[in-house]
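Following our numbering, the numbering of the sequence shown begins with 184 at its first residue and continues without gaps.
Glycine included, every Cβ here is placed at the ideal spot set by N, Cα and C.
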Amino acid sequence: SSAGATLCLACVPGERLDSGECLSCDAGKYSGSAAIICEECEPGKYGRAERDGCDSCPQGTYSTSTRATDSDTCIKCVEGRYGGALGAASDVQCNSCAAGRFSEQTGRTSVDDCIECNAGFYSGSGDTECSPCAEGKASSGGATLCLACVPGERLDGGECLTCDPGKYSGSAAVICVDC
184 SSAGATLCLA CVPGERLDSG ECLSCDAGKY SGSAAIICEE CEPGKYGRAE
234 RDGCDSCPQG TYSTSTRATD SDTCIKCVEG RYGGALGAAS DVQCNSCAAG
284 RFSEQTGRTS VDDCIECNAG FYSGSGDTEC SPCAEGKASS GGATLCLACV
334 PGERLDGGEC LTCDPGKYSG SAAVICVDC
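Next comes the structure, spelled out in structure tokens:
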């Protein structure tokens, strides 16, 4: 309350009591009602002045900063990763795309943002692109590795196709021959 006041009032959220006066919390801090101190926004969160709470960094981002004042402190998850949590406090909370999938964009928010590798390509966990299979090897879509075609199959466009009836092939063949 101020000098000469006959009624004492509690400070409102976003303010703190200091020597009988209610003072606004600084940016990056917050308070509830009747507070005597302003709390710092935790990592993964940020706040403007005079707030009763902190906002969370959006999905696909994280922040390690304490007492952050705006969303500019929220860093996008890197390529090959996605973040589904609000208020993530570390890049560890950005998940890797599974092997056989990739992402070439930052700030992705869902496993659905990870794209499956095409046939004839493969990827490892957290990759930003799919790599082509080596000469003489093949893969199906979403592959984590490439293999040589087995006897009875032939390599065609990065895929192993079964030989037609009456034809055969050896291991790693590119053509099937008549029996």
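CB of residue i within 8 Å of CB of residue j, strictly
i: G263; j: T327; result: no
i: C194; j: K212; result: no
i: C297; j: Y265; result: yes
i: Y351; j: V360; result: yes
i: R291; j: G243; result: yes
i: T289; j: C260; result: yes
i: A317; j: C332; result: no
Residue i classed as buried or exposed, judged by whether at least 16 other C-beta atoms fall within 10 angstroms
i: S314; result: exposed
i: L338; result: buried
i: C362; result: exposed
i: T256; result: buried
i: P226; result: buried
i: S293; result: exposed
i: S322; result: buried
i: S214; result: buried
i: S248; result: buried
Sequence-distant residues of the same chain with beta carbon closer than 8 Å to residue i, five excluded per side
i: E233; result: G197, E198, S207 and C208
i: S308; result: S279, C280, A281 and A282
i: R250; result: G211, K212, E223 and C224
i: S286; result: E262, G263, R264, Y265, C280, D296, C297, I298 and T311
i: G353; result: P334
i: C148; result: Residue 148 lies beyond the residue range present for the chain, which begins at 184 and ends at 362; the question has no answer from this structure.
Close beta carbons around residue i, own chain, < 6 Å, minus the five adjacent residues each side
i: T345; result: E336
i: D253; result: Y229
i: L200; result: C194 and I219
i: D274; result: Y245
i: C221; result: R199, C208, K212 and S214
i: C343; result: A321, C332 and E336
i: D347; result: none
i: C205; result: C194 and E198
i: R231; result: A210
Chain-order list of residues whose beta-carbon lies under 7 Å from that of residue i (same chain, five-residue window excluded)
i: G340; result: G303
i: Q276; result: Y245, G266 and A268
i: A258; result: As written in the sequence, residue 258 is Ile, which differs from the Ala given in the question. If we look at I258 and ignore the five residues flanking it on each side, its Cβ neighbours are T244, Y245 and S246.
i: G349; result: D361 and C362
i: G319; result: A331, L338 and A355
i: A217; result: A193 and C194
| query | Quick check: the segment 227-243 against the segment 268-276, are there 3 or more CB pairs under 8 Å? | reply | yes
| Every unbroken beta strand (DSSP E) inside the segment 189-256 [3 residues or more] | 198-201 and 204-207
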